[in-house]
Each structure stands twice: as structure tokens, then as C-alpha cells.
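This report refers to the structure that appears directly beneath it.
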Amino acid sequence: MIQPSDPWAFDEEPVETWAEILGAQAPDLLWLSAFLLLALVSFRLRSVRLKYATLVVAVAYMGFAKSHLISVTNIFSLIDGNLPVFKYNLAFYLFVAFTIVSTILWGRLYCGRVCAFGALTQLMDATLPDTLRVNVPRALERRAAWIKFGLLAATIAYFAVTRDMLIYRYVEPFWMFGMFATPPLWVGLSVLLMATVFVRNLYCRFLCPVGATLGLLSYLAVFRIKRWSECHTCRICQKACQWGAIDGPRILVTECVRCDDCERLYADEAKCPHWRILAYRQRKIIALTPVPHGASGGRAQSP
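If you want the numbering used here, it's the position in the sequence shown, counting the first as 1, plus 166.
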């Protein structure tokens, strides 16, 4: 009896084409691309309205609809070499590529525009009255900013020893967008959000391991926020910064999320001292410019 060469009929299974693969993922790719384009446009135009529109879409679509967030679990997968299959996860790789490239170009743009949880805390900050805010002392703020780097190191070390990916639930609240967690985790999230009412952007500034990772990557940023010579003595932008990312003339790249606030201030000729000083110097130069002989405006006398 002649045995068939392919008894399990593997040869008869259809092979997926790239057209079929792309067709199945096209809606996700298009919606994600549109959102990322909106984030870039709002950033480049420094538009306040577009910025808040982006934040709303980030919470609604990237958060609750899709749960698209960069997580420490992605770092765990990279350590294990267990990354998703490329052709079946094109939206994921587009999202990761955007995050890495935008961070190398401008810094923590992802944190300030794209992250759903960061967008949620920024919207809270925009809607809650300033009277509720507690101003964290500058020295304490600088020290507290190191906590997120410690959490990042501790989380990676724990995973390296235990291979327990579920540790992510205790260091980042992003699971809230999928609406699945134990009661103690929901209680912890409630406490965190209540604390954020008083300390703006609390988690993003002091506790987020992903923010710490992107902060370190931001040292490679190509296009950084420019500073005027007057920034050595002026403190207007430093006082206005909600992220504690300005220290005198320095922009702390690990903390800056490219929120646009200081960039709009230093471009404002009515508020930024640089422009007033520049205008004063120009008026002074014009006043000292010698007037050519015979240009006094009177009628020239005939010889």
C-alpha cells in the first residue's frame, strides 16, 4: 500500500498573503496612524486646543478602547527575546517605533502627548482648581524624581530573578484601561488618583518606570528646547513648569515631557524678558545712530 506523501494534508493549507494580513490589521493601523499624526501636529504647532484634543483622544481611544500603552512588560519581553510576531502585530510595532524615534528626536513626547494615563492626569490638572494644589518643595521634588529610576531597576531585577511578569500590576496602573484587577489594586489606584488631585502628575513625575526609561533615552534627543541667555536669571518658565523639568537655565531632559508651556512662554514677546531686552537694545541702537548731514528734514539751502 502506497502511503501518501503528506498524510496530514499540510500542503493543502492555504498560505496567508501580505494583502490578507494587512487587510485584517488596516483599521487599527489607520486609526493609530491618525492619532499619532494628531499628536505630532499638536506638538509642532504648539496649539493648546489641539493638545487637549490629543489628550482626550489618548484617554478614550488609546486607553479605554485599545489599551495601547508602553509598559514594563514590553521591557520584560525584550529581555526574554519573546517579542510578538511582526506581521501579526504591525500596529504594536508602529507604536513602539513612534515612541522610540520621537524620544530620540525630541525627548519624552510620548509621555506628554500619547500615554493614556499621562493624558488622564493632565486633564485632571486642567479641570481641577489650583487651590487644591500642594507645591512640592524644590529640593524634595528633585529627590523624589529619582524614585522612578529606582522602581525601574528594582522591577527589572525582580523579573530577571523570578520571571514573574505580573509584577507590572504593582508598579504601573495601566491595567485600569482594561478594567481588570483585584480589589486591593483598585483601592491603590483610587489612592493614587486622589493624591494626584493635590500633587499634579504625581505618578508620571515620580513613580513611572516607563517614564524613567524614556527619560534615559531622552539624553540622545536631537532637537532640544532652546534657551535664551536671560534664562540664567529669569525664573518665569521654571515657575510655570508643571513637571519640575526646569532648573534655572537647564532643561532636565529626564523630566521634560515636551508639554509646550515653556516654549509658548519664551516665544511670547509680551511675557518673555528676552524680547523686551532685545527691543530695548534695538531702540538704544537706533537712538545712538548718527544722522547724516543734511538729513534733518529742513529745506536745503542754496549755495
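Note that CB positions come from ideal geometry on N, CA and C, so glycine has one too.
Given the structure is predicted, the values throughout are model-derived calculations rather than measurements.
- For the 8 Å CB-CB criterion, L204 and T220 form a contact.
- DSSP places I236 in the coil class of the three-state scheme, outside both helix and strand.
- The DSSP assignment places complete alpha helix (DSSP H) segments of no fewer than 4 residues inside the stretch 263-295 at 282-293, in order along the chain.
- The three-state reading of DSSP puts D330 in coil, since its state is none of H, G, I, E or B.
- Look at I402 here: in three-state DSSP terms it is helix.
- Using a Cβ distance threshold of 8 Å, L444 and F364 do not count as a contacting pair.
- Within the same chain, Cβ atoms closer than 7 Å to the Cβ of F315 are found at A378, the five residues on either side in sequence being excluded.
- Of the candidates M360, V251, I245 and T293, T293 places its Cα closest to the Cα of Y218.
- Closest option to G278, judged by alpha-carbon separation, among D413, Q404, E182 and L380: L380.
- Residue pairing by DSSP places R430 opposite no residue, since no beta bridge is assigned to it.
- With respect to the C-alpha of R274, the residue from W441, L382, E429 and A263 having the closest C-alpha is L382.
- Looking only at L289, C407 and H234, the smallest Cα-Cα distance to F264 is reached by H234.
- Using a 10 angstroms sphere on the CB of S384, the tally of other CB atoms reaches 16 or more, which defines it as buried.
- Beta-bridge analysis with DSSP links I417 to I412.
- In this structure, E429 keeps its C-beta atom at 8 Å or more from the C-beta atom of V376.
- At the C-beta level, A310 and F372 come within 8 Å of one another.
- Cα atoms of Q448 and D413: separation of roughly 29 Å, rounded to the nearest angstrom.
- The alpha carbon of A326 has as its nearest neighbour, out of I245, F346, D427 and L196, the alpha carbon of I245.
- Looking at C374, V419, D434 and R210, the one whose alpha-carbon comes closest to that of I402 is D434.
- The beta-carbon separation of Y276 and T287, rounded to 14 Å, does not stay under the 8 Å limit for a contact.
- Assigned with DSSP and collapsed to three states, G247 falls in coil, not helix or strand.
- The residue among M228, C397 and E421 with its C-alpha nearest the C-alpha of K437 is C397.
- Beta-carbon to beta-carbon, L351 and R335 are separated by about 6 Å, close enough to satisfy the 8 Å threshold.
- A direct Cα-to-Cα measurement between T348 and E182 gives close to 40 Å.
- By the criterion of a C-beta distance shorter than 7 Å, T321 is surrounded in its chain by V238, I333, V337 and P375, once the five residues flanking it on both sides are discounted.
- Between K392 and the set C281, M228 and P415, the nearest pair of CA atoms involves P415.
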